[in-house]
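Visitor: Numbering (this note's numbering), first residue to last: 36 to 504.
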Ligand code: SF4
């Protein structure tokens, strides 16, 4: 949901790395600051100093709260990687905060991972049978174990070896004495971009991190590619045949609109979703109102395409912390009101097209519709800039279970009635893909279509049990 509701799809993780730069830890701090929307539970930075020692600082909380001058001073060296995390696999514990650091026969390694492995459980069980001791419950640790155990003579060889065993989504940074290795899985499900700042290579989940530190975007790490940032410059090799299926939800909701993700402007793609939505589901209305913030660009696209004026009919409070003191007496729609409030002057007496990026459980949408009605809106036509979300994500997005997703058990007509809208229209999967500029086989749309580009055993089991008499 546009309100970044804790009841909805939750952001995943963000990674950042910089090689051979003055004040590397501070650059990582700034990079993570720009990636905060990708994970708010923990933040961490690992640095490598001239003597080859790794230092790491990790803590639960926001980047700005975790790091202060004293903490940054404990991170010496010209090379750093960092991570912000929202727990997608493994419990939300400090032990699971990243970067994970490991002493191996190849020297110390630190790892930062965005994504989720679909076969981590099996690999972990095999490794534990063989005597491996795990220090976290996160899926990312299996990669380091596999690297440490590989018989390959070189570190890049060991990394490629390890990756041949894992399946799923991974945009990875591995910090070592041989430089930073930046890796994207063969499907390139999560983003990872390369840039440069004053001659130092940088790498980040999203390009908005480059903007903050004055770095220039150069290119994406390709699916199935390992890029090494080292004394020798930037070098690349393929470890697997690429089969790109990037996550379309990055463009629907997760990524920041000022980022380039998978080579496309997130803002422009969201606008294209909105324009296409206006063609598929026109409405007789007076005003197009976004659910801030993530409905903004789609609403702009809807307005431009339909000619219905765009207006900011809801305001979002950006300063809502993670906890607030609930009022003793029940106040109607309190939970949503803390974050969103309608602008009566904009919506009163109007037929409103309300544009949001998705409907997850439907409860937040219903509260928003009720709030707009209480503020005097005459009609409310809800338009959603993605198809109904019916399936769980297994590639690094924390989704509610299928049962909790309203669209997995309700028709569009039933959802309209549940959220109490006058009409409801979702962007079609074909429309979304067309606006994204990729065919079905070249994108992950699994949470909408159930077509999983990397086989997921759990999903198969669920399908089988659904078919069982
Ligand atoms: S299932 Fe949805 S959220 Fe997950 S990777 Fe695919 S498109 Fe993205």
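Quick reminder that beta carbons are idealized off the backbone N, C-alpha and C, glycines included.
Tell me which residues share the same chain as residue 491 and place their Cβ nearer than 8 Å to its Cβ, disregarding the 5 neighbours each side in the sequence.
Guide: So the list reads 153, 429, once near-sequence residues are dropped.
Visitor: So which of 231, 111, 105 has the shortest CA-CA distance to residue 249?
Guide: Considering only alpha carbons, the answer is 231.
Visitor: Could you give the residue range of the beta strand (DSSP E) that holds residue 349?
Guide: Note, residue 349: beta strand (DSSP E), 349-351.
Visitor: Give the single residue among 71, 60, 471, 101 whose Cα lies nearest to the Cα of residue 89.
Guide: Here the closest residue by C-alpha is 60.
Visitor: Would you call residue 297 buried or exposed, if buried means 16 or more other Cβ atoms sit within 10 Å of its Cβ?
Guide: Residue 297 should be labelled buried.
Visitor: Mind listing which residues have their beta carbon within less than 6 Å of any non-hydrogen atom of the ligand SF4? Chain order is fine.
Guide: Going by the Cβ distance cut-off, the answer is 224, 282, 283, 284, 428, 430, 432, 479, 480, 481, 482.
Visitor: Check the DSSP bridge columns for residue 254 and list the partner residues they point to.
Guide: According to DSSP, which records beta bridges pairwise, residue 254 is partnered with 229.
Visitor: Tell me the rounded alpha-carbon separation between residue 141 and residue 135.
Guide: The alpha-carbon atoms of residue 141 and residue 135 are separated by roughly 16 Å.
Visitor: For a test of the three-state rule: what should DSSP assign to residue 286, helix, strand or coil?
Guide: In the structure shown, residue 286 sits in a helix (DSSP, three-state: H, G or I).
Visitor: Check whether the region 60-77 and the region 212-224 touch, using three or more Cβ-Cβ pairs below 8 Å as the test.
Guide: No contact exists between the region 60-77 and the region 212-224.
Visitor: On the criterion of 16 or more Cβ atoms from any shown chain inside 10 Å, does residue 129 qualify as buried, or is it exposed?
Guide: With fewer than 16 other Cβ atoms within 10 Å, it is exposed.
Visitor: Pick out whichever of 442, 233, 176 has its Cα sitting closest to the Cα of residue 207.
Guide: Nearest C-alpha to residue 207: 176.
Visitor: Please report the distance separating the alpha-carbon of residue 433 from that of residue 47.
Guide: If you take the alpha carbons of residue 433 and residue 47, they lie about 7 Å apart.
Visitor: Just to confirm my understanding: we take residue 71, look at its own chain, exclude 5 residues before and 5 after, and list those with CB closer than 7 Å. What are they?
Guide: Taken in chain order, the residues that qualify are 97, 98, 119.
Visitor: Identify which residue in 448, 186, 172, 162 has its Cα closest to the Cα of residue 180.
Guide: Selected option, being the one with the closest Cα: 162.
Visitor: Between the C-alpha atoms of residue 260 and residue 202, what's the straight-line distance to the nearest angstrom?
Guide: Cα-Cα distance, rounded: 15 Å.
Visitor: Hey, out of 489, 409, 423, 384, whose CA is closest to residue 396's CA?
Guide: Checked all of 489, 409, 423, 384; the closest Cα to residue 396 is 423.
Visitor: What did DSSP end up calling residue 431 once you bin it into helix, strand or coil?
Guide: Looking at residue 431 - three-state DSSP - the assignment turns out to be coil, as it is neither helix nor strand.
Visitor: Return helix, strand or coil for residue 72, following the three-state DSSP convention.
Guide: The answer is helix: DSSP assigns residue 72 an H, G or I state.
Visitor: Near residue 74, what residues of its chain come up, given a Cβ to Cβ distance below 7 Å and the 5 sequence neighbours on each side ignored?
Guide: Around residue 74: 46, 47, 48, 49, 119, 120, 121.
Visitor: Is it the case that the Cβ atoms of residue 420 and residue 308 are separated by a distance below 7 Å?
Guide: Their beta carbons are under 7 Å apart, which means residue 420 touches residue 308 by this criterion.
Visitor: So, at 8 Å on beta carbons, what are the nonlocal neighbours of residue 133 in its own chain, with the 5 sequence-adjacent residues on each side left out?
Guide: Cβ neighbours of residue 133 beyond the five flanking positions: 48, 77, 79, 93, 118, 120, 146, 147, 148, 173, 175.
Visitor: Determine the extent of the alpha helix (DSSP H) in which residue 302 is found, giving its start and end residues.
Guide: Run containing residue 302: 301-315, per the alpha helix (DSSP H) assignment.
Visitor: Mapping the DSSP letters down to three states, classify residue 466 as helix, strand or coil.
Guide: If DSSP states are grouped into helix, strand and coil, residue 466 belongs with the helices.
Visitor: Under 6 Å: does the beta carbon of residue 195 sit that close to some heavy atom of the ligand MN?
Guide: The ligand content of the structure shown is limited to the ligand SF4, which means the ligand MN is not among them.
Visitor: Considering residue 180, what are the terminal residues of the alpha helix (DSSP H) in which it resides?
Guide: Taken as a continuous stretch (DSSP letters only), the alpha helix (DSSP H) holding residue 180 covers 176-184.
Visitor: Taking the C-alpha atoms as reference points, what is the distance between residue 387 and residue 319?
Guide: Going by the C-alpha atoms only, they are around 9 Å apart.
Visitor: By the three-class DSSP mapping on this structure, what secondary structure does residue 425 have?
Guide: Three-state DSSP puts residue 425 in coil, outside helix and strand.
Visitor: Leaving aside the five residues before and after residue 383 along the sequence, list all residues of the same chain whose C-beta is less than 6 Å from its C-beta, in chain order.
Guide: For residue 383, where only same-chain residues beyond five positions count, the Cβ hits under 6 Å are 411.
Visitor: State the beta-bridge partners of residue 118 as determined by DSSP.
Guide: Answer is 50, 79, bridged to residue 118.
Visitor: Buried or exposed for residue 103, going by 16 or more other Cβ atoms inside 10 Å?
Guide: By the 10 Å Cβ count, residue 103 comes out exposed.
Visitor: Less than 8 Å between C-beta atoms, sequence neighbours within five positions excluded: which residues of the same chain meet that for residue 503?
Guide: Confidence is the limiting factor: at residue 503 the pLDDT is only 41, short of 50, which leaves the residue's position unreliable, though a coordinate-based value still follows. Excluding sequence neighbours, residue 503 sits near nothing in its chain.
Visitor: Closest to residue 354 by C-alpha separation, out of 338, 375, 345, would be which residue?
Guide: Cα-wise, what sits closest to residue 354 is 375.
Visitor: Of all the options 373, 182, 467, which has the alpha carbon lying nearest to the alpha carbon of residue 303?
Guide: Cα-wise, what sits closest to residue 303 is 467.
Visitor: Indicate whether residue 214 and residue 263 have their beta-carbon atoms separated by less than 7 Å.
Guide: It is a contact, given that the beta carbons lie within the stated cut-off.
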